[in-house]
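For reference, the structure discussed in these notes is given below.
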């Protein structure tokens, strides 16, 4: 898609520090990493959110993400990884991308990047669970 920096990286028109270039996606270093070695994985086609990723592309795309999580940990000697996708909110580039961030114990990253909250009681938690379950699309 014209004007999408990730599409331009996939096409080779914009340089990037590529980690993987495969039919299921392209992975490259984030230019503003949470920690050094932070990788972004993008599908080749322009999609904005995870919901737009066709079901037939899910296995290959997430297999690539999984392999990169292993590679980041092994290749960088990290203690683990943080894997995340933003959909619309906090999505700095409107092209589906998965973050694979190396983690080490004591790295200063605490939980998620936002404050945590609690349910008032079990009834409130159940009401939220029921609303999400009722909106769940049927499986493929």
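In this note's numbering, the protein residues as written are -2 to 137. All C-beta atoms in this analysis are idealised placements derived from N, C-alpha and C, irrespective of residue type, glycine included. On a predicted model such as this, the values are computed, not experimentally measured, just so you know.
Let me check understanding here. Comparing Cα to Cα, which of the options lies closest to residue i?
i: residue 39; options: 70, 3 and 89; result: 3
i: residue 55; options: -1, 102 and 21; result: 21
i: residue 6; options: 75, 30, 90 and 115; result: 90
i: residue 138; options: 68, 96 and 61; result: A query on residue 138 cannot be resolved here, the shown segment of the chain reaching from -2 to 137 and no further.
i: residue 15; options: 0, 1, -2 and 35; result: 35
i: residue 104; options: 78, 117 and 58; result: 78
Hey, how far is the Cα of residue i from the Cα of residue j?
i: residue 83; j: residue 37; result: 12 Å
i: residue 17; j: residue 119; result: 45 Å
i: residue 63; j: residue 26; result: 16 Å
i: residue 115; j: residue 12; result: 44 Å
i: residue 72; j: residue 124; result: 44 Å
i: residue 121; j: residue 9; result: 49 Å
i: residue -2; j: residue 19; result: 19 Å
i: residue 85; j: residue 43; result: 14 Å
i: residue 51; j: residue 32; result: 31 Å
i: residue 48; j: residue 106; result: 28 Å
i: residue 135; j: residue 74; result: 40 Å
Taking only three categories from DSSP, how would you classify residue i?
i: residue 24; result: strand
i: residue 41; result: coil
i: residue 15; result: strand
i: residue 80; result: strand
i: residue 129; result: helix
i: residue 2; result: helix
i: residue 7; result: helix
Looking at residue j and residue i, is the spacing between their C-beta atoms short of 7 Å?
i: residue 76; j: residue 101; result: yes
i: residue 1; j: residue 92; result: yes
i: residue 99; j: residue 67; result: no
i: residue 138; j: residue 65; result: What is shown of the chain runs -2 to 137, which leaves residue 138 out entirely.
Under the criterion of a Cβ to heavy atom distance below 6 Å, does residue i qualify as lining the ligand MG?
i: residue 87; result: Absence of the ligand MG is noted for the structure shown, with no ligands found whatsoever.
| field | 3 or more residues per run - each beta strand (DSSP E) lying fully within the segment 49 to 99 | value | 77 to 81
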